[in-house]
Each structure stands twice: as C-alpha cells, then as structure tokens.
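Visitor: Have a look at the structure that comes next, please.
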Amino acid sequence: MNVRALALLLCLWPLTLAAQGFSGLGSQAGDAFANPVCGTVLTFPRDHGPHPDYRIEWWYLTANLRGADGTDYGLQWTLFRSALRPGEDTGWASPQIWFGHAAITTPDRHFATERFARGGIGQAGVTADPFDAWIDEWHLSGTDFDRLDLVAQGPDFAYDMALTAQGPLVFHGDNGFSVKSEQGQASYYYSQPFYRIEGTLTLPHGDVAVTGTAWLDREWSSQPLSEDQSGWDWFSLSFDDGTKMMGFQLRQTDGSAFGSGTWIEADGTTHAFADEAMTATPLATSAVAGREIPTRWRVTLPERGVDVTVEALNTQAWMGLTVPYWEGPVRISGSHGGVGYLEMTGYE
Amino acid sequence: MMRACLGALVSHWRRNPVQLFAYLAGLALATALWSGVQAINSEARNSYDAAAATLSEGQYDQLVARSGGAIPLATYVALRRSGWMVSPMIEAEVRGVRLIGVDPLTTPVSFGVGDTGAAPELDHLFANAATARRLAGVAPVTVQETVGPNMAIGDIGLVQRLSGAAGLTRLFVLPDQPVTRPALQDVAPGLALQPSGQQADIGQLTDSFHLNLTAFGLLSFAVGLFIVHSTIGLAFEQRRGMIRTLRSIGVPLRGLVVLITAEMLFLALVGAALGVVLGYVIAALLLPDVAATLRGLYGAEVSGTLQLRAEWWLSGLALALLGTAAALAGRIWQVARMPVLASARPRAWVMATAARFRVQSAGAVALLAVAGVLFAVGDGLLAAFALLGCLLIGAALALPALAAMVLSGLQHRARGPVAMWFWADTRQQLPGLSLALMALLLAVSANIGVSTMVSSFRLTFVAFLDQRLAPELFVRVGSKNESAALRQLLDARGLEVLPLMSTSTRVAGQPVQVYGIEVGPTYRENWAFVDAGADMWDRVQAGAAAVVNEQLARRANLWVGDRVTLSPDLALPIAGVVGDYGNPLGQVVVAAPVYATLYPDDYPGQFGIRTSTPDALRRAIMDSVGLPDSAIIDQAEIKALSLGVFERTFTVTAVLNVLTLGVAGFAILMSLLTLADLRVPQLAPVWALGLTRRTLGRLELARAVALAGIVFVCALPLGLALAWVLLSRVNVAAFGWQLPMFLFPADYGWLGAYALVAAALAAAWPAWRLMRTPPARLLKVFAHER
Numbered sequence: 059m060n061v062r063a064l065a066l067l068l069c070l071w072p073l074t075l076a077a078q079g080f081s082g083l084g085s086q087a088g089d090a091f092a093n094p095v096c097g098t099v100l101t102f103p104r105d106h107g108p109h110p111d112y113r114i115e116w117w118y119l120t121a122n123l124r125g126a127d128g129t130d131y132g133l134q135w136t137l138f139r140s141a142l143r144p145g146e147d148t149g150w151a152s153p154q155i156w157f158g159h160a161a162i163t164t165p166d167r168h169f170a171t172e173r174f175a176r177g178g179i180g181q182a183g184v185t186a187d188p189f190d191a192w193i194d195e196w197h198l199s200g201t202d203f204d205r206l207d208l209v210a211q212g213p214d215f216a217y218d219m220a221l222t223a224q225g226p227l228v229f230h231g232d233n234g235f236s237v238k239s240e241q242g243q244a245s246y247y248y249s250q251p252f253y254r255i256e257g258t259l260t261l262p263h264g265d266v267a268v269t270g271t272a273w274l275d276r277e278w279s280s281q282p283l284s285e286d287q288s289g290w291d292w293f294s295l296s297f298d299d300g301t302k303m304m305g306f307q308l309r310q311t312d313g314s315a316f317g318s319g320t321w322i323e324a325d326g327t328t329h330a331f332a333d334e335a336m337t338a339t340p341l342a343t344s345a346v347a348g349r350e351i352p353t354r355w356r357v358t359l360p361e362r363g364v365d366v367t368v369e370a371l372n373t374q375a376w377m378g379l380t381v382p383y384w385e386g387p388v389r390i391s392g393s394h395g396g397v398g399y400l401e402m403t404g405y406e
Numbered sequence: 008m009m010r011a012c013l014g015a016l017v018s019h020w021r022r023n024p025v026q027l028f029a030y031l032a033g034l035a036l037a038t039a040l041w042s043g044v045q046a047i048n049s050e051a052r053n054s055y056d057a058a059a060a061t062l063s064e065g066q067y068d069q070l071v072a073r074s075g076g077a078i079p080l081a082t083y084v085a086l087r088r089s090g091w092m093v094s095p096m097i098e099a100e101v102r103g104v105r106l107i108g109v110d111p112l113t114t115p116v117s118f119g120v121g122d123t124g125a126a127p128e129l130d131h132l133f134a135n136a137a138t139a140r141r142l143a144g145v146a147p148v149t150v151q152e153t154v155g156p157n158m159a160i161g162d163i164g165l166v167q168r169l170s171g172a173a174g175l176t177r178l179f180v181l182p183d184q185p186v187t188r189p190a191l192q193d194v195a196p197g198l199a200l201q202p203s204g205q206q207a208d209i210g211q212l213t214d215s216f217h218l219n220l221t222a223f224g225l226l227s228f229a230v231g232l233f234i235v236h237s238t239i240g241l242a243f244e245q246r247r248g249m250i251r252t253l254r255s256i257g258v259p260l261r262g263l264v265v266l267i268t269a270e271m272l273f274l275a276l277v278g279a280a281l282g283v284v285l286g287y288v289i290a291a292l293l294l295p296d297v298a299a300t301l302r303g304l305y306g307a308e309v310s311g312t313l314q315l316r317a318e319w320w321l322s323g324l325a326l327a328l329l330g331t332a333a334a335l336a337g338r339i340w341q342v343a344r345m346p347v348l349a350s351a352r353p354r355a356w357v358m359a360t361a362a363r364f365r366v367q368s369a370g371a372v373a374l375l376a377v378a379g380v381l382f383a384v385g386d387g388l389l390a391a392f393a394l395l396g397c398l399l400i401g402a403a404l405a406l407p408a409l410a411a412m413v414l415s416g417l418q419h420r421a422r423g424p425v426a427m428w429f430w431a432d433t434r435q436q437l438p439g440l441s442l443a444l445m446a447l448l449l450a451v452s453a454n455i456g457v458s459t460m461v462s463s464f465r466l467t468f469v470a471f472l473d474q475r476l477a478p479e480l481f482v483r484v485g486s487k488n489e490s491a492a493l494r495q496l497l498d499a500r501g502l503e504v505l506p507l508m509s510t511s512t513r514v515a516g517q518p519v520q521v522y523g524i525e526v527g528p529t530y531r532e533n534w535a536f537v538d539a540g541a542d543m544w545d546r547v548q549a550g551a552a553a554v555v556n557e558q559l560a561r562r563a564n565l566w567v568g569d570r571v572t573l574s575p576d577l578a579l580p581i582a583g584v585v586g587d588y589g590n591p592l593g594q595v596v597v598a599a600p601v602y603a604t605l606y607p608d609d610y611p612g613q614f615g616i617r618t619s620t621p622d623a624l625r626r627a628i629m630d631s632v633g634l635p636d637s638a639i640i641d642q643a644e645i646k647a648l649s650l651g652v653f654e655r656t657f658t659v660t661a662v663l664n665v666l667t668l669g670v671a672g673f674a675i676l677m678s679l680l681t682l683a684d685l686r687v688p689q690l691a692p693v694w695a696l697g698l699t700r701r702t703l704g705r706l707e708l709a710r711a712v713a714l715a716g717i718v719f720v721c722a723l724p725l726g727l728a729l730a731w732v733l734l735s736r737v738n739v740a741a742f743g744w745q746l747p748m749f750l751f752p753a754d755y756g757w758l759g760a761y762a763l764v765a766a767a768l769a770a771a772w773p774a775w776r777l778m779r780t781p782p783a784r785l786l787k788v789f790a791h792e793r
C-alpha cells in the first residue's frame with residue numbers, strides 16, 4: 059500500500075486510528091452509533107457475531123506456543139471491524155471496513171502482516187453460527203466457538219492451528235460491560251482464555267510444530283477511550299497454577315492512568331478489580347522502531363498476592379503496520395511464574 | 008558615442024523596413040512552427056505521464072477476463088479468499104470522461120490524490136479542473152490537477168453507482184503475495200494474467216507519431232533559419248560602408264562588435280518571442296485534432312487544453328537565438344577582420360562564386376553517398392531517420408548547382424536576345440535565391456513524401472478494415488453459457504459465424520495474442536497476405552499450419568515455411584503472413600481445435616456474424632441470449648469511427664503541409680524583396696535598351712514561376728524517395744509493418760500548381776514595385792556609374 063492510498067484510506071476512517079494516533083479512539087462517536095449499556099445480557103452464539111451498529115469491534119487472539127525443542131513462540135490473529143456509519147448495506151455500499159493483523163514472534167524475529175477488506179462483498183466478515191470469522195483466505199472458524207481452526211499467512215510466514223476450549227467464556231467488568239474511563243466510556247468485553255492450541259508455524263527456515271495456550275478477546279464499542287486518553291498497556295497473564303489475569307491501564311494525557319482488570323480462577327470464576335488495584339510500572343525500555351518502549355514491567359495486584367516481573371520474549375515485537383503498535387509474548391517471574399501477552403499502544 | 012553608433016546602426020533598419028520585417032518574420036516563423044509542434048508534443052507527453060502516474064498502468068501485473076468482458080465481483084472475492092492479493096478496478100465512461108473506480112483499501116495504485124491535506128471523501132470524484140467542469144452534476148468532484156486529463160478517480164462503489172457497471176474491469180496483482188496460493192486456473196479459469204511488461208506502453212506506441220510532428224517542426228525551423236541567414240547576410244553587406252565610416256571616425260572595433268551583436272540578438276529575441284506566441288496559437292488550434300488522433304489510434308488521452316510549459320517555449324527561444332548566433336558569428340568575424348580602409352563598395356554578396364557552388368555540391372555528393380550507404384545497410388528507426396536527413400539536406404545542397412545547369416541549358420536553347428538575357432539573368436540571380444529555393448524544395452518534397460505516406464496508409468488501412476470488419480455484427484459474451492447459447496442461436500439460423508478465442512502469451516520471446524478461429528469463406532475471401540504458401544487456408548483449417556501477422560514475422564524473423572512454437576509440444580509451420588495495421592502486437596492465428604488443445608478451458612468470447620439483417624439479429628440476440636446492447640457492435644460503426652480518426656490525422660498533416668509551404672513562399676518573397684534594390688543597376692541597362700518596366704515586371708514574375716517549376720521537378724523524385732523511406736523503413740522500424748506505396752499523380756499536380764502559385768504570389772509584390780520604379784531611379788544608375 060503506498061503512502062497516498064494510505065492517506066486516503068486513513069481519511070476514510072472516522073476512527074482515524076493512525077491519523078491521530080490511538081488517542082483518536084477517544085474522539086466523539088456520532089450520535090447514530092449505539093453505545094454499550096450496563097446490564098445488557100450477552101447471548102450466544104449471537105454475540106460472537108458482528109455488531110454493525112457499534113463503531114468498532116474485534117476478534118483478538120493471542121497464543122503462547124512452544125516447539126518440540128523448547129523454543130517459545132508467540133502468535134497473534136486479529137480481525138477488526140470499523141464502521142463508517144452504523145448498520146450494514148450490500149455490495150460496495152457497505153459502510154463496514156474490515157482489517158486483519160497476523161503475527162508470529164520468535165525469540166529473535168517478529169513477522170507481522172495485515173489485510174484490508176470492504177464489507178458487503180464477502181471478502182471479510184463474521185458469522186456467529188456456525189462461527190466463521192474471515193478476511194481473504196485467513197479465517198478463524200469452526201462448528202462452534204469451542205473448536206476452531208485458525209489460518210493466516212503473509213509474504214514470509216504462515217500458520218495453521220487448531221484450538222480447543224478447555225474452560226468457559228469469561229466476562230470482564232460488570233458481566234461484560236467494561237468501563238474504560240472515569241467519564242464512563244465503556245465497551246462490551248468478554249474472553250475465551252482457556253484455548254489449547256496446536257498446529258504448525260511456517261517460518262522462512264521451515265515448518266515448526268507447536269503447542270500452547272491461546273486467549274481470545276471479544277470487544278465492541280463506539281467510543282472505548284475518553285478524549286484525554288492517549289494509549290494503553292494491556293496484559294493477559296496465564297500463571298503456572300492455572301489462574302489468569304487480564305489487566306490494563308489507559309494512560310491519560312496528564313500522566314495519570316485509569317486501570318481495570320479481571321482475576322480469573324482456574325475454573326473460570328471471575329473477580330473484576332477496580333481502578334488502582336493493579337499497578338504496572340516500567341522497569342526497562344527498549345529502542346523499538348525509533349522510539350523507547352517499556353519491555354520489562356513490574357505488575358502487582360496486592361489483593362491476589364501478585365508481584366511479578368513481566369518481560370518481553372522479543373523486545374522487537376513491533377507491529378509496523380498501517381496502525382503501528384507493540385504486541386508480543388511475555389514471560390512472567392516473581393510471585394507467580396507463567397507466560398502471557400503484552401499490548402502497548404500510543405507510544406509516539 | 009555609443010548612443011550615436013547605435014543610432015547609426017538602427018537607422019539601417021529604418022531605411023530598410025522590409026529587411027527588418029524579413030528578419031523578424033523569418034525568426035518568428037521558424038520559432039512558431041518549432042515551438043508549436045514542441046508544445047503539442049510536450050502536452051501529449053505530460054498527459055501520458057499524468058495518466059501513467061494516476062494509474063501506475065504497466066507497473067503491476069493485471070488479471071483480465073479472457074472474454075474481454077467484465078470480471079464478476081464473485082470472482083474477485085473468490086481470488087481474495089484463496090490468497091490471491093488482487094485489487095479491483097472499474098473503468099467506465101460517463102459524459103465522455105474515463106471514470107476509474109478503485110478500492111482505496113487494497114489498491115496498489117497511486118491515486119495522484121491525497122496530497123491535498125483535506126480529508127477526501129468516498130462520495131467524491133477526483134479530477135483536474137477541466138474534467139471537473141464536465142462532470143458537474145454527476146457527482147461532487149474534488150479538483151486535483153495531478154490527475155490525468157479526461158479522467159476521474161473515485162471509490163469503486165461510487166463509480167459503479169454512477170456508471171451502472173455490472174462487474175469489474177480488471178484486477179491489479181499486488182507485488183506482495185502470501186506464502187501459498189492456488190493456481191489462477193483453479194480459482195478463476197475465466198481470467199488471464201497480463202504481465203506488467205506486456206501491457207502496451209502508450210509512450211512507446213505514440214513515439215513515431217510525435218517523431219513525425221517533430222520532423223515537421225524541425226523542417227520549418229530549418230526553412231525559417233534560411234530566411235534569417237540570408238537577411239543577416241544582406242544586412243551586413245549593406246552596412247559595410249557604414250561600419251567602415253564608423254571605424255574611421257574612431258569607434259573601437261570591440262565596441263562596434265558588441266553593439267552589432269547586441270542589436271541583432273535583441274531583434275532575434277523579439278522575433279523569437281513573436282514566434283512563441285504564434286506557436287502557441289498554432290498548437291492550440293491543432294491540439295484538439297492531434298488529441299483526437301492519438302485517442303483514436305492509440306487510446307491515449309491527451310489534454311485538449313494547452314499549457315504554457317517552459318520546456319517548449321524556452322527551447323523555441325533558445326533554438327532561435329542559437330540559430331541567429333550561428334548565422335551572426337561568420338558575419339561578425341568578417342567585420343572584425345575588415346581593414347578600416349577597405350573599399351566600402353557594397354560587394355554584391357549574392358554574387359557567390361562558382362567555388363561556393365562547388366563546395367555545396369561536394370557536400371551534397373557526400374551526404375547523398377551516406378544516404379546510399381544507409382539505404383543499403385541501415386537498420387532501425389535511427390538509421391531510417393538519418394537516411395531521411397541525408398537525403399533531404401543532400402538534395403537541398405545539390406539544388407543550386409543542378410538549377411544552374413538546367414538554366415544554362417535553357418539559355419543555350421533560347422532564341423532571341425530577351426529570352427537569352429532572361430535565362431542568363433535568372434542564373435545570375437540563383438546564388439541570392441538559392442536559400443529560398445532550397446526551402447521551397449524541402450517544403451514541396453516533404454509535402455509529397457508525407458502525403459504519399461499518409462494516403463498510402465489510408466488506402467491500405469481502409470482495405471484492411473474492410474477485410475477485418477467483414478462480419479456485420481460483432482458480439483462479445485461474458486460467460487461460457489452465453490457463448491454456447493449464442494452459438495446455438497446462430498447455428499439454428501444457418502448464419503456464417505466467426506467465433507474467436509484469444510489468449511495473451513509469449514511466442515518466440517515476443518508478447519503475442521494467440522487466436523483460435525474457425526476457417527470459413529469470410530477468411531478465405533477477405534484476408535490479404537503479405538506472403539502466403541499454397542493451400543494456405545486448407546492447411547490452417549486442418550490444424551497443420553498457423554498464420555502470423557507481419558509484426559511478429561518481422562520481430563521474430565519467422566516467415567512462411569518457418570515453424571512457430573506455441574507450446575513445448577506444439578510447433579506449427581507458418582502458412583501465411585498477414586498484413587495487420589490495427590495493432591502493434593504480434594499475433595498467431597490457428598484453427599479452433601488446435602487452440603482448444605493449447606487452452607482447453609477457454610471458450611469463444613467474441614463472435615463475428617455475417618448477416619444481411621443486422622438490426623433484426625441484434626434484437627434476437629438480446630432477447631434470447633440476454634446479452635446487453637453494449638455487447639453487440641455494428642461493424643459499420645467501428646469502420647466509421649476508424650475512418651474518422653484518419654480524417655483527423657489528415658487535418659493535422661494538411662495544416663502542417665500548408666504551413667511549411669507558406670513558410671517557403673515567404674522565404675521566396677523575402678529573398679526577392681531584399682534582392683530588388685541590388686537588381687536596379689542590373690535592370691537599368693535592359694530598360695535603357697528598350698524593355699518597358701511592365702515587361703521587366705512580367706519577366707520577374709515569370710522568373711519566379713520558372714524557378715519554382717524547376718524546384719518542383721526536382722522535388723518530385725525527392726518527395727517520392729522520402730515517401731518510400733517513410734513507408735518501407737520508418738514504418739517497419741516504428742510499427743513493424745511495411746506499407747505498399749501508392750502514387751497520387753493528381754495530388755502531386757495540384758501541389759505543383761500550389762508551389763507555382765506560391766512563387767508567383769511571392770514575386771508579385773517585388774514585380775509590381777519594379778513596374779512602378781521611377782524612371783529617374785533607373786537613370787540614376789548611369790549617373791552614379793562608378
């Protein structure tokens with residue numbers, strides 16, 4: 059994609075993700091878009107499908123993998139939906155725009171690629187039952203949400219994986235109503251963090267058979283950030299004892315942060331924790347794509363006895379795509395051991 | 008002091024306004040045609056560049072429907088969903104504007120938009136200001152001058168809505184493709200891949216057309232410079248006395264040289280500036296026709312409005328000044344070397360010695376010899392043009408000596424003193440008129456050459472159109488089902504059907520189109536061959552031979568009897584080489600069964616139909632097969648369209664012909680006018696012997712016509728040689744086809760008449776002035792006898 063087309067493309071998005079940075083996510087949604095309401099009961103399989111009346115939505119899968127030789131890998135597969143206006147239309151008239159990101163992280167390499175598609179013509183989309191999320195030849199699909207096939211490829215890598223859910227869906231915030239700011243910005247947010255995943259990574263030096271765990275996030279909203287928020291640090295941590303933790307902090311332009319998260323028991327029981335319960339402090343930064351990005355963190359959640367160091371498997375897990383951000387697998391040490399994924403946006 | 012000097016120098020022009028006019032007009036004409044042609048060329052080139060930049064055409068591989076029709080949206084989605092990274096494009100025409108619809112999310116193509124800083128919108132088209140005005144009311148248009156002429160770009164959804172296009176026109180294949188993807192045949196068998204290198208480059212196609220224009224411009228420029236050269240020579244000769252006087256009274260040589268140079272260059276600048284203005288007018292008048300020609304012949308869009316671009320008006324000015332400086336340098340050198348006390352007697356500068364003719368003739372012989380060598384061994388476009396150049400300049404240089412010989416012969420055959428004096432006096436004037444006569448020779452021969460070429464091309468092309476467009480209806484189908492249904496319908500009616508299958512591929516390293524045909528009476532009766540073996544069509548029909556077009560035959564050096572390799576398993580002998588004047592690409596024609604073994608999945612996408620009731624059949628096809636009206640083409644329309652294009656080309660050629668002839672006529676006029684004063688001492692004795700001024704004037708007129716006649720006689724063979732080189736050398740090198748040469752004696756006759764009339768008109772005023780010369784002035788000649 060050349061720069062001029064890109065410029066046009068970016069202007070297409072009311073979202074203006076890259077044009078204004080991630081802070082753009084905080085721009086006011088048009089009145090026409092729906093907004094999340096606390097107390098809404100999510101129903102399935104319907105809500106695995108798209109919600110075209112909301113401005114943005116994603117199906118976001120990350121996985122921590124290990125090869126037969128003990129090498130750790132990370133994998134990402136994301137399908138984004140962004141609406142120019144609410145609702146759906148057929149053919150080129152559809153206001154829905156889809157884009158997909160796929161990546162593999164090895165200890166010393168990071169592969170990332172992206173796809174774009176118009177809604178309405180069948181090039182990309184999601185159906186809830188049977189579940190099928192696709193863009194071009196990439197897909198995450200199966201007869202139901204518990205058994206999925208995952209395929210993606212780029213010019214220099216590919217993967218073909220099978221996922222099996224080992225636990226229930228997990229709802230963040232108040233039964234899936236996740237507050238993102240003190241002003242009340244919110245999204246619908248649930249996850250399936252209990253996938254077992256296995257399959258094959260195709261890398262430049264050959265195919266690698268891998269197994270591991272995967273975490274799928276589902277989120278949709280029309281205005282997830284408030285206008286004074288510039289980006290976020292998001293952690294999904296799977297501890298060796300079977301417990302899991304999702305925590306994020308939304309950085310404010312004044313230097314403060316708004317945090318929130320969910321503690322997940324091994325059986326899927328959830329406990330939402332409030333702002334200021336979790337701390338996340340950068341311990342070290344790395345030079346990545348011409349900027350300094352924290353790649354070693356101290357994360358604490360005192361109410362659960364968590365005080366861990368979270369360190370990137372590969373500090374250079376930079377998604378240098380149309381909308382650039384950092385996303386990669388992490389190792390956990392300290393009060394708990396384990397693996398997880400870290401996503402950081404809005405670092406200029 | 009300098010002021011006084013300048014005043015003295017300028018007084019010369021005041022006393023000789025005609026000379027001043029000749030100087031300025033010569034430069035203006037030279038610059039006008041040159042910069043006019045350059046303006047057209049640069050406008051065209053800028054248009055091509057803008058279009059190329061807008062579309063990145065030729066930069067990416069493309070997928071197109073084999074049938075030549077639209078690509079279904081479902082095929083695009085199927086390709087994307089199988090891992091083919093392609094991006095769709097719709098091309099349509101609305102109000103004569105080429106609308107380009109792309110998907111901004113996937114397109115690799117630079118829009119030429121997006122630099123505005125303002126947020127573009129999906130429901131806006133982008134176009135330059137001129138195109139935007141034409142699209143008023145169609146859709147909101149954002150003006151973006153970088154978008155190519157006569158085209159507008161917008162979101163694919165918008166363009167589809169505006170044009171009602173049913174499918175996609177083509178798919179760009181993106182440079183980055185994923186690790187694995189299936190073969191194109193498995194996903195979209197109806198599509199063919201056009202590698203980027205095989206897409207015709209508009210710039211290349213139109214090169215020869217622009218070369219022709221440039222040649223015209225250069226010719227006119229040369230003729231104009233003749234005028235300038237002779238005027239400068241005359242002005243210096245006449246000012247010798249003044250220069251000597253100025254030197255004698257103490258004007259330093261250096262100052263004088265600087266003054267004269269500055270004066271002449273200033274005047275040259277004025278003349279050239281006038282020429283640029285005139286050139287702009289010529290170009291602006293011609294551009295619409297040129298644009299129509301280029302669009303019709305090559306499908307190239309050229310802006311119909313002219314912009315003042317530095318590249319042509321600066322080059323025109325610079326060339327004019329350089330030409331003047333070159334003509335000036337020799338004269339200045341003479342002034343610098345002239346002894347202060349040299350005789351001020353105005354040497355009749357025109358009285359060139361026989362030595363000058365000898366030098367010229369030697370140059371002519373050398374150039375014609377080079378032309379002979381080039382004729383024998385030259386190859387390629389450059390050699391062809393070098394041959395043209397040598398031929399033209401050599402012939403021009405040879406003209407004075409040749410004319411002198413002819414006149415000398417005529418003088419010996421003349422009866423009576425007046426006739427003898429007439430021829431002798433004509434010969435005596437030859438040196439002074441030689442430049443103007445050379446200009447006339449070049450103009451007339453260029454006229455003959457170019458019009459012979461264009462007319463030959465027209466005859467051949469019309470015959471070719473008749474041959475190729477023999478079927479009355481031409482139908483394009485979009486699917487295999489439609490193809491079968493149409494065939495059924497036509498067979499049921501017992502009509503002669505010419506189904507056509509075609510695929511782009513490479514043969515013998517050349518990009519070619521392979522056609523599968525069913526040999527029928529239409530082919531047997533209509534096709535004209537450059538070369539053909541015995542039982543040609545029978546062998547092709549039996550699948551035992553192939554036909555290639557002349558372009559492929561020449562480029563790959565494959566002729567009748569040679570084998571052409573169509574696939575690793577199939578090489579067929581060539582049974583015939585067919586003349587093809589419709590496209591620049593190579594073609595191989597084989598029988599349908601042979602084609603089917605090469606491309607088993609293909610089906611006839613186009614049909615030629617012989618029918619005596621095209622209108623009724625057209626309705627029947629639309630009703631029973633369900634084809635849209637736009638899929639059925641009446642061949643008469645195509646023929647009319649193609650011939651219309653030619654008429655436009657003729658208009659351009661004719662205008663340039665008239666202009667060059669006009670410039671040559673002007674050169675004669677100026678030479679005669681400048682000679683007129685010098686002639687008085689020569690005419691006075693004849694007058695004194697009893698010839699009336701009226702008779703003298705008539706003889707002057709007759710002289711100009713006689714000289715023009717001699718020039719025309721010389722120009723005829725030269726023009727025909729020129730035409731031959733253009734048809735048999737330049738065309739072959741530029742297009743890959745040789746055209747048969749036809750002669751047009753009536754046209755030449757008219758041209759000769761025009762040349763004589765032009766010469767007579769040019770001589771009319773000088774002759775009239777001569778008739779009105781006061782006897783006192785003629786008498787003074789004897790009083791002033793030195």
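So the sequences go chain by chain: W and F. Take the first sequence: its letters are residues 59 to 406, numbered as in our numbering. Take the second sequence: its letters are residues 8 to 793, numbered as in our numbering. No residue lacks a Cβ here, since even glycine has one placed at the ideal position from N, Cα and C.
#1: Using a threshold of 8 angstroms, state whether the C-beta atoms of F/Glu479 and F/Pro621 are closer than that.
#2: When the distance is taken between beta carbons, is F/Trp534 closer than 8 angstroms to F/Gln474?
#3: In the region 74 to 105 of chain F, which residues sit with their C-beta less than 7 angstroms from some C-beta in chain W, listed in chain order?
#4: What's the gap between the Cα of F/Ser415 and the Cα of F/Gly379?
#5: The ligand COA heavy atoms versus the CB of F/Leu181: any closer than 7 angstroms?
#6: Under 7 angstroms Cβ to Cβ from F/Val788, same chain only, skipping five residues before and after it: list those, please.
#7: Rounding to the nearest angstrom, what Cα-Cα distance links F/Leu442 and F/Val384 in this structure?
#8: Listed in chain order, which residues of the region 137 to 151 of chain W have Cβ atoms closer than 8 angstroms to some Cβ of chain F?
#9: Near W/Glu401, what residues of its chain come up, given a Cβ to Cβ distance below 6 angstroms and the 5 sequence neighbours on each side ignored?
#10: Out of curiosity, what's the CA-to-CA distance linking F/Gly726 and F/Leu679?
#11: Could you name the residues of the region 149 to 181 of chain F whose beta carbon sits closer than 7 angstroms to any beta carbon of chain W, in the order they occur along the chain?
#12: Any chance you could list the alpha helix (DSSP H) runs of at least 4 consecutive residues sitting entirely within the region 80 to 109 of chain F, in chain order?
#13: In three-state terms, what does DSSP make of W/His329?
#14: Verify whether the separation of the beta carbon atoms of F/Val526 and F/Ala553 is less than 8 angstroms.
#15: Please check if any C-beta of chain F sits within less than 8 angstroms of the C-beta of W/Thr260.
#16: Under 8 angstroms, with one C-beta from each stretch per pair, do the region 155 to 175 of chain F and the region 132 to 146 of chain F reach the 3-pair mark?
#17: How many angstroms separate the CA atom of F/Ile47 from the CA atom of F/Ala291?
#18: Am I right that F/Leu232 and F/Ala373 are in contact with their C-beta atoms under 8 angstroms? What's the rounded C-beta distance?
#19: Between which two residues does the beta strand (DSSP E) carrying F/Met445 extend?
#20: Excluding five sequence neighbours on each side, which residues of the same chain lie with their C-beta closer than 8 angstroms to the C-beta of F/Leu708?
#21: Assuming F/Ile97 contacts F/Ile163 (C-beta within less than 8 angstroms), just tell me the rounded distance between them.
Guide: So, from the data block:
#1: yes
#2: yes
#3: Leu80, Val84, Arg87, Arg88, Ser89, Gly90
#4: 28 angstroms
#5: Although the ligand COA was asked about, the structure shown includes no ligands whatsoever.
#6: Val687, Pro688, Ala691
#7: 32 angstroms
#8: Leu142, Gly149, Trp150, Ala151
#9: Trp292, Glu385
#10: 26 angstroms
#11: Ile163, Gly164, Gln167
#12: 80 to 89
#13: strand
#14: no
#15: yes
#16: yes
#17: 8 angstroms
#18: Between F/Ala373 and F/Leu232 the Cβ distance is about 21 angstroms, and since that is not below 8 angstroms, they are no contact.
#19: Unbroken run through F/Met445 is the alpha helix (DSSP H), 424 to 475; no beta strand (DSSP E).
#20: Ala767, Ala770, Ala771, Ala774
#21: 6 angstroms
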